[in-house]
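The listed protein sequences derive, respectively, from chains A and B. Letter by letter, the first sequence follows residues 18 to 331 in this note's numbering. Letter by letter, the second sequence follows residues 18 to 331 in this note's numbering. Worksheet for the structure shown next.
Number of protein chains: 2
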Amino acid sequence: MTLAGLSLRDLEYAVAVGRLRHFGRAAEQCGVSQSALSEQIRKLEAILGVALFERTRRRVEPTPRGALLLRRAEAVLAEARFLIAAAQHAAEPLSGELRLGVIATLGPYYLPGLLGALRARFPRLQLRLTEARTAELLQQVRRGELDAALLALPADDAELSAQALFFEPFHLVCPAQHVLSQMARVTLADLDRDGMLLLEEGHCLRDQALALCGTAAAGSPARFASSLEMLRNMIAAGEGFSLLPLLATAGRAADGLTHCRKLDDPAAGRTIGLCWRRSDPRGEEFRTLAALLAAEAPAGTRRCHGAAVGGDAV
Amino acid sequence: MTLAGLSLRDLEYAVAVGRLRHFGRAAEQCGVSQSALSEQIRKLEAILGVALFERTRRRVEPTPRGALLLRRAEAVLAEARFLIAAAQHAAEPLSGELRLGVIATLGPYYLPGLLGALRARFPRLQLRLTEARTAELLQQVRRGELDAALLALPADDAELSAQALFFEPFHLVCPAQHVLSQMARVTLADLDRDGMLLLEEGHCLRDQALALCGTAAAGSPARFASSLEMLRNMIAAGEGFSLLPLLATAGRAADGLTHCRKLDDPAAGRTIGLCWRRSDPRGEEFRTLAALLAAEAPAGTRRCHGAAVGGDAV
DNA sequence: CCGCCGCAATCGGTGCTACCGATCGTTGCA
DNA sequence: TGCAACGATCGGTAGCACCGATTGCGGCGG
């Protein structure tokens, strides 16, 4: 368009000549032959319509106009070098801003222990964290409002890629005096669907709990909690029991009001994964990140390793 | 050097894609085929080491890093456009700064009436005026400390070009009651060398006056003036007479103390010319300027027209 | 469910031009 | 007067920007 044929390289040549006052040495410094530099300067002068230099056999001096334009040229080059420098920074994997979403039943229990390791490994990574429910997270990732999300797999979406991080078992949490707390072994089959407390609709944890305990029966609305913490309070109040992900139970077993125990079903739990837009060019970085997260899987979980799960196979 | 292969055109392509979010339309706007633009974007991404865009079939979005780098790219382009704009301004003939020297026996009498016309014709020309004697002016022009000078030709210097502007006759100025003021006709031959007042050494006018009046006799040192005005005062005081250039006599004839009259020698006078470094790329502009100055030659002078006088022919 | 459309990527071919080495012309110097 | 330095110029070459055509993929309408 308006920048007819102007080239950064030619500006460099001109600036070099302006500095060194010598075509030969300028050519050497620019790594081209003197003839090439001479021709390019000539071309540049033609483009600008201004004679940049006054040539004598013994002297090369910028004309007054040339000196002014050379200063402008240096400004252009400076900006270009800023661009290069910014690109070099940006080229570092997992640097800069990363908008990461997390499901509400994982974030508060998982992230606090994670951020330190993350910062140590990727000090230039700036996390922007969002907490929401699975459907919202997926939507935001699809729309590009988030770069990636931590959620329970599978996240069935052809547009997304995902990689499993670790398997987080569900534990049974019931009131301290509850009959389930007395049994030697507890399996999913032992759970009374009517006594189970659930999260509101939209939380994947609710669906997983229901799926584990067979077909849904119409529970009373009062038995829905809007958050995990609320759910825990309801259990402590004797309202019923529930399945809670391991990380949400850590360090809380000894409050006296609730009883927390493992289930004897190894399949009872959820697979936490990282997902992102399949089309995002940072796919490799996300895999690297996922590898780190899997390697740093919290105690009690079972680390997943292996290839990422492709979009439609998630 | 450090800006490996970066090209302003490619930055324009990238910015267009970033704005339009569409390779095809961006290509159209940039006036290239879609394939060319696509390849150049790919090359640019390779150079920067950063994926600038996330491509889906239906969407093209800058990556967060891409968005950042595109902003930098726009800054580069903005500077480049400034450069182009500055060049377009600078390309206007006789615009910008012009360091012009004038001999002291001409400047004060010639320039005041000239500057208005000059400003009207070349409103963007900014004159930096210097007053000095011929040798100094020539030296400064040669050294590039001045761009051009107004002086009496010939200025014999192979390094310089010059163009004659006008012939300025010398008038005889003598005390009002002086014998020369009574004569019907006065020629150079009538002038008594011992009664003639001169400027100090270095002034070309001194040399010219001496040359016109034959070989020099040793005048008394007291009869040298350091400036034309001083010379005029000495004449008014009855110290002697002198030859003064026409412009220096204008509007002063009626002061009662001095008498001013033409000489009957058409050759008595000096040719005022403009000179500049032969190697200065603005030669054409100087010729244009000289043409204007010749056309605007002051009343009483004889305009010179025709080709410029080459350096060694001056 | 299929075929069409829109779009970016890709491919093969072409012409421009940046580049080089060699040479020229000028200038200043020994 | 010959020599050295320097920028301009020239002929030839190779790289690459560009083009038109095609492919491949995803969305949409029938």
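Glycine is no exception: its CB is placed at the ideal position from the N, C-alpha and C atoms.
{"Query": "Can you list the residues of chain A that residue 296 of chain B reaches, using a CB-CB cut of under 8 Å?", "Result": "71, 72, 73"}
{"Query": "Smallest Cα separation from residue 262 of chain B: which of B:68, B:185, B:177?", "Result": "B:185"}
{"Query": "Per DSSP, residue 119 of chain A forms a beta bridge with which residues?", "Result": "A:148, A:167"}
{"Query": "Verify whether the separation of the beta carbon atoms of residue 183 of chain B and residue 318 of chain B is less than 8 Å.", "Result": "yes"}
{"Query": "According to DSSP, is residue 24 of chain B part of a helix, a strand, or is it coil?", "Result": "coil"}
{"Query": "Between residue 22 of chain A and residue 28 of chain A, what straight-line distance do the alpha-carbon atoms span, to the nearest angstrom?", "Result": "12 Å"}
{"Query": "Can you find a C-beta in chain A that's less than 8 Å from the C-beta of residue 332 of chain B?", "Result": "Residue 332 of chain B is absent from the model: chain B starts at 18 and stops at 331."}
{"Query": "Could you check the C-alpha separation between residue 233 of chain A and residue 211 of chain A for me, to the nearest Å?", "Result": "At residue 233 of chain A, the pLDDT of 47 sits below 50, so the modelled position is not reliable and the matter cannot be decided from this model."}
{"Query": "Taking the continuous beta strand (DSSP E) assigned at residue 177 of chain A, which residues delimit it?", "Result": "177–192"}
{"Query": "Would you please state the rounded distance, in angstroms, between the beta carbons of residue 168 of chain B and residue 230 of chain B? I believe it to be under 8 Å.", "Result": "Their Cβ separation, rounded to whole angstroms, is 21 Å, which puts residue 168 of chain B and residue 230 of chain B out of contact at 8 Å."}
{"Query": "Near residue 109 of chain A, what residues of its chain come up, given a Cβ to Cβ distance below 8 Å and the 5 sequence neighbours on each side ignored?", "Result": "141"}
{"Query": "Just reading off the alpha helix (DSSP H) that residue 322 of chain A is part of, what are its end residues?", "Result": "No alpha helix (DSSP H) contains residue 322 of chain A, which DSSP labels as neither H nor E."}
{"Query": "For residue 82 of chain B, which residues in chain A fall below 7 Å Cβ to Cβ?", "Result": "107, 113"}
{"Query": "Could you check whether the Cβ of residue 285 of chain A sits closer than 8 Å to any Cβ belonging to chain B?", "Result": "no"}
{"Query": "Which residues does DSSP pair with residue 258 of chain A in a beta bridge?", "Result": "A:213"}
{"Query": "Measure how close the beta-carbons of residue 311 of chain B and residue 275 of chain B come, nearest whole angstrom, since I'm counting them as under 8 Å.", "Result": "Going by Cβ atoms, the distance from residue 311 of chain B to residue 275 of chain B rounds to 30 Å, so no, they are not a contact pair."}
{"Query": "Does the region 158–167 of chain B come into contact with the region 286–305 of chain B, if we say contact requires no fewer than three beta-carbon pairs (one atom in each stretch) closer than 8 Å?", "Result": "yes"}
{"Query": "Hey, does residue 104 of chain A have any beta-carbon neighbour from chain B nearer than 8 Å?", "Result": "yes"}
{"Query": "Starting from residue 118 of chain A, find everything on chain B with Cβ-Cβ shorter than 9 Å and list it in chain order.", "Result": "By Cβ distance, chain B contributes nothing, its closest Cβ being about 15 Å from residue 118 of chain A, past 9 Å."}
{"Query": "Rounded to the nearest angstrom, how far is the Cβ of residue 70 of chain A from that of residue 83 of chain A, given a contact under 8 Å?", "Result": "6 Å"}
{"Query": "Going along chain B in order, which residues have a C-beta closer than 7 Å to the C-beta of residue 78 of chain A?", "Result": "161"}
{"Query": "Assuming residue 43 of chain A and residue 53 of chain A make a contact with CB atoms under 8 Å, what is their CB distance in whole Å?", "Result": "Contact doesn't hold; Cβ gap of about 11 Å is too wide."}
{"Query": "Which value, in whole angstroms, describes the spacing of the CA atoms of residue 60 of chain A and residue 131 of chain A?", "Result": "58 Å"}
{"Query": "Determine, for residue 199 of chain A, whether the minimum Cβ-Cβ distance to residues of chain B falls below 8 Å.", "Result": "no"}
{"Query": "Going by alpha carbons, who is nearest to residue 115 of chain B out of B:223, B:37, B:158, B:129?", "Result": "B:158"}
{"Query": "Whose C-alpha, out of A:117, A:26, A:180, is nearest the C-alpha of residue 321 of chain A?", "Result": "A:180"}
{"Query": "Starting from residue 276 of chain A, follow its DSSP beta bridges and name the residues at the other end.", "Result": "A:191"}
{"Query": "I'd like to check one pair, residue 31 of chain B with residue 87 of chain B: are the Cβ atoms closer than 8 Å?", "Result": "yes"}
{"Query": "In the DSSP assignment, find the beta strand (DSSP E) that holds residue 135 of chain A and state where it starts and stops.", "Result": "Here residue 135 of chain A belongs to no beta strand (DSSP E); instead the alpha helix (DSSP H) covers 124–138."}
{"Query": "Along chain A, which residues have their Cβ under 7 Å away from the Cβ of residue 25 of chain B?", "Result": "20, 23, 24, 25"}
{"Query": "Would you mind sorting residue 105 of chain A into buried or exposed? The rule is 16 or more other CB atoms within 10 Å of its CB.", "Result": "exposed"}
{"Query": "Using C-beta distances below 7 Å, list every residue in its chain close to residue 266 of chain B, excluding the 5 sequence neighbours before and after it, in chain order.", "Result": "188, 190, 277"}
{"Query": "Considering residue 62 of chain A, what are the terminal residues of the alpha helix (DSSP H) in which it resides?", "Result": "51–65"}
{"Query": "Sort B:198, B:85, B:264, B:112 by Cα distance to residue 128 of chain B and report the nearest one.", "Result": "B:264"}
{"Query": "Is residue 239 of chain B helix, strand or coil by DSSP?", "Result": "Because the pLDDT of residue 239 of chain B is 49, which lies under 50, any placement of that residue in the model is unreliable, and the question is left without a value."}
{"Query": "Taking only beta-carbon positions, decide if residue 101 of chain A is within less than 8 Å of chain B.", "Result": "yes"}
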